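*Asks:* Attaching a single structure in structure tokens format; questions to follow.
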Amino acid sequence: MIQSMTAFAREASQGDWGTLTWEIRSVNHRYLEPHFKLPENLREIEPNLREGLRKHLNRGKVECALRWQPAEQTGQGFDLNIELVEDINQAANQVNRILDNPAHLNALELLQWPGVMKTAQVDAAPLKKAALDAFDLALKNLVDTRTREGEQLKPLFDQRLDATSAIVNQVREKLPAILSAQRENILARFEDAKLELDAARVEQEMVMLAQKTDVAEELDRLDAHVKEVRSVLNKKGAIGRRLDFLMQELNREANTLSSKSIVTDTTKAAVELKVLIEQMREQVQNIE
1 MIQSMTAFAR EASQGDWGTL TWEIRSVNHR YLEPHFKLPE NLREIEPNLR EGLRKHLNRG
61 KVECALRWQP AEQTGQGFDL NIELVEDINQ AANQVNRILD NPAHLNALEL LQWPGVMKTA
121 QVDAAPLKKA ALDAFDLALK NLVDTRTREG EQLKPLFDQR LDATSAIVNQ VREKLPAILS
181 AQRENILARF EDAKLELDAA RVEQEMVMLA QKTDVAEELD RLDAHVKEVR SVLNKKGAIG
241 RRLDFLMQEL NREANTLSSK SIVTDTTKAA VELKVLIEQM REQVQNIE
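Numbering (UniProt numbering) for the sequence shown: 1 to 288.
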């Protein structure tokens, strides 16, 4: 089953303690790389958040940001930590006396200092529970979005896999005619050179040509890889790495087909295959 690594989810929750708002963004990444931005009084729930994330996601860079706005009616206004402000100002003055070009702190910088703006104590238990519940909902929405994005990619793969199989079949059907035409070319070169036709020599040339241009194995492997890609696309769980490996194998066979080409038609077919494979590979980079 295809699941994209690109998605966004937002979930808000309200209560006596105020408003909690989660925003989760995910983009493609080789591994699962979560980042959390939490209010100071909710940092201790991060291990629970990470555990929940690992249960639902396997890959992707995931940024999770939580904002808490205390409710005004509960008196959860901000208080200024005067003692901390005085300590910061005193320390800044000591440093400025050492510096050649001192820069004084302004009020906005002080207000942004951790701990300067403090809130009245609230009951932490319901706030933490609400944050965890809201996160679960946001994460579910994120997974649903990634799934919908993945479902939209399925027809794109089907189209390109069908086109790949069609090209492989065309090359396979043309191989006898290609070898026959090359046999005629060899005979014509002998005649043009006014050389006595030696049946053994002609057969030797044909054997060498057949060995050089034998792409039956490459065509069979291309068919096998296409079949495996179709199978992987219908599997559950993380499939991106497996698909990436299969794209490499498909590209390897297309390159070999190109190197063994002796006619324009085969060369063109190999180029078309590589274009299709590259289009699929670009999509695979965003699949979990």
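For glycine and all other residues, C-beta sits at the position ideal for the given N, C-alpha and C. Remember, it's a predicted structure, so these values are computed and weren't measured experimentally.
#1: Thinking just about the alpha-carbon of each residue, which of 6, 14 and 101 is nearest to the one in residue 295?
#2: Express the C-alpha separation of residue 219 and residue 8 in angstroms, rounding to a whole number.
#3: Is residue 1 closer than 7 Å to residue 288 when the C-beta atoms are compared?
#4: Could you have a look at residue 87 and say whether DSSP puts it in helix, strand or coil?
#5: Classify residue 23 as helix, strand or coil using the three-state DSSP reduction.
#6: Exposed or buried, residue 231, counting other C-beta atoms within 10 Å across all chains shown (16 or more means buried)?
#7: So the alpha helix (DSSP H) residue 248 belongs to, where does it begin and stop?
#8: Would residue 22 be called buried (16 or more neighbouring beta carbons within 10 Å of its own) or exposed?
#9: Terminal residues of the continuous alpha helix (DSSP H) containing residue 56?
#10: May I have the straight-line CA-CA distance separating residue 74 from residue 247, to the nearest angstrom?
#11: Is the distance from the Cβ of residue 3 to the Cβ of residue 147 below 7 Å?
#12: Buried or exposed for residue 156, please, with buried defined as at least 16 other CB atoms from any protein chain shown within 10 angstroms of its CB.
#13: Can you tell me whether residue 277 is helix, strand or coil according to DSSP?
#14: Excluding the five sequence neighbours on either side, which residues of its own chain have a C-beta within less than 7 Å of the C-beta of residue 84, listed in chain order?
#15: Which residues bound the beta strand (DSSP E) around residue 40?
#16: What are the start and end residues of the alpha helix (DSSP H) that includes residue 227?
#17: Among residues of its own chain, excluding the 5 on either side of residue 31, which ones have a beta-carbon nearer than 8 Å to its beta-carbon?
#18: If you scan the region 110-162 from start to end, which runs of the beta strand (DSSP E) of 3 or more residues do you find wholly inside it?
#19: For residue 95, count neighbouring Cβ atoms within 10 angstroms of its own Cβ and tell me buried if that reaches 16, exposed if not.
#20: What distance in whole Å lies between the Cβ atoms of residue 35 and residue 63, which are believed to be in contact at a cut-off of 8 Å?
#21: Does the Cβ-Cβ distance between residue 18 and residue 70 come in under 7 Å?
#22: Would residue 325 and residue 222 be called neighbours here (beta carbons separated by less than 7 Å)?
#23: Applying the criterion that 16 or more other CB atoms from any shown protein chain within 10 Å of the CB defines a buried residue, is residue 98 buried or exposed?
#24: Rounded to whole angstroms, what's the CA-CA distance from residue 263 to residue 225? Just pull it up for me.
#25: Let me check understanding here. Comparing Cα to Cα, which of 255, 41 and 145 lies closest to residue 26?
#26: Whole angstroms is fine: what's the gap from residue 138's alpha carbon to residue 227's?
#27: Give me the DSSP bridge partner(s) of residue 268.
#28: Where DSSP assigns a beta bridge to residue 102, which residues make up the other side?
#29: Taking the continuous beta strand (DSSP E) assigned at residue 61, which residues delimit it?
#30: I'd like the span of the beta strand (DSSP E) that includes residue 3, first residue to last.
#31: For a quick check, are the C-beta atoms of residue 233 and residue 164 less than 7 Å apart?
*Replies:* On the basis of the supplied data:
#1: Nothing about residue 295 can be reported from this structure: the residues present for the chain run from 1 to 288 only.
#2: Along the sequence shown, read from residue 1 onward, the residue named residue 8 stands at position 8. Along the sequence shown, read from residue 1 onward, the residue named residue 219 stands at position 219. Cα atoms of residue 8 and residue 219: separation of roughly 41 Å, rounded to the nearest angstrom.
#3: As a working mapping, residue 288 is identified with position 288 in the sequence shown. As a working mapping, residue 1 is identified with position 1 in the sequence shown. Between residue 288 and residue 1, the C-beta spacing is not below 7 Å.
#4: Within the sequence shown, numbered from 1, the residue matching residue 87 stands at position 87. Looking at residue 87 - three-state DSSP - the assignment turns out to be helix.
#5: Translated into positions along the sequence shown, residue 23 becomes position 23. Residue 23: strand per DSSP, three-state reduction.
#6: Residue 231 sits at position 231 when you count from the first residue of the sequence shown. Classification of residue 231: exposed, given that the 10 Å Cβ count is below 16.
#7: For the purposes of this step, residue 248 is identified with residue 248 of the sequence shown, where counting begins at 1. Residues 240-259.
#8: In the sequence shown, counting from the first residue as 1, residue 22 sits at position 22. Answer is buried; the Cβ neighbour count reaches 16.
#9: As a working mapping, residue 56 is identified with position 56 in the sequence shown. 46-56 is the extent of the alpha helix (DSSP H) around residue 56.
#10: Mapped onto the sequence shown, residue 74 falls at position 74. Mapped onto the sequence shown, residue 247 falls at position 247. Reliability of the predicted coordinates at residue 74 is poor, the pLDDT of 46 falling under 50, and no value is obtained from them.
#11: For this step, residue 3 is matched to residue 3 along the sequence shown. For this step, residue 147 is matched to residue 147 along the sequence shown. Against a cut-off of 7 Å, the Cβ pair of residue 147 and residue 3 comes out as a contact.
#12: Translated into positions along the sequence shown, residue 156 becomes position 156. Residue 156 sits exposed, since fewer than 16 C-beta atoms from the chains shown fall within 10 Å of its C-beta.
#13: The residue given as residue 277 occupies position 277 in the sequence shown. In this structure, residue 277 counts as helix in the three-state DSSP scheme.
#14: The residue labelled residue 84 in the question sits at position 84 within the sequence shown. Hits under 7 Å: 115 and 116.
#15: The count along the sequence shown starts at 1 and reaches residue 40 at position 40. First-last for residue 40: undefined, no H or E at that position.
#16: Numbered from 1 along the sequence shown, position 227 holds the residue referred to as residue 227. Per DSSP, residue 227 is one residue of the alpha helix (DSSP H) stretching across 216-233.
#17: Position 31 of the sequence shown, counted from the first residue, corresponds to residue 31. So the qualifying residues of the chain are 59.
#18: 117-119
#19: For the purposes of this step, residue 95 is taken as the residue at position 95 of the sequence shown. Burial call: exposed.
#20: For the purposes of this step, residue 63 is taken as residue 63 along the sequence shown, with counting starting at 1. For the purposes of this step, residue 35 is taken as residue 35 along the sequence shown, with counting starting at 1. Residue 63 to residue 35, Cβ: 5 Å. Contact.
#21: Here residue 18 corresponds to residue number 18 of the sequence shown, with the count starting at 1. Here residue 70 corresponds to residue number 70 of the sequence shown, with the count starting at 1. The answer is yes: Cβ separation under 7 Å.
#22: The displayed coordinates of the chain run from 1 to 288. Any statement about residue 325 would go beyond what the structure contains.
#23: Indexing the sequence shown from 1 puts residue 98 at position 98. Label assigned to residue 98: exposed.
#24: Indexing the sequence shown from 1 puts residue 263 at position 263. Indexing the sequence shown from 1 puts residue 225 at position 225. Distance between the alpha carbons of residue 263 and residue 225 is about 25 Å.
#25: Within the sequence shown, residue 26 is the residue found at index 26, counting from 1. Ranking the options by Cα distance to residue 26, first place goes to 145.
#26: What you label residue 138 is simply residue 138 of the sequence shown in a count that begins at 1. What you label residue 227 is simply residue 227 of the sequence shown in a count that begins at 1. Taking the straight line from one Cα to the other gives about 36 Å.
#27: Translated into the one-based positions of the sequence shown, residue 268 becomes position 268. Answer is none; residue 268 lacks a bridge partner.
#28: In the sequence shown, the residue the question calls residue 102 occupies position 102. Residue 102 pairs with nothing; no bridge assigned.
#29: Here residue 61 refers to the residue found at position 61 when the sequence shown is read from its first residue. Looking at the DSSP string, the run of the beta strand (DSSP E) that includes residue 61 is 60-70.
#30: Against the sequence shown, residue 3 aligns to sequence position 3. The continuous stretches of beta strand (DSSP E) do not include residue 3, and DSSP gives it neither H nor E.
#31: Along the sequence shown, read from residue 1 onward, the residue named residue 233 stands at position 233. Along the sequence shown, read from residue 1 onward, the residue named residue 164 stands at position 164. No, they are not a contact pair.
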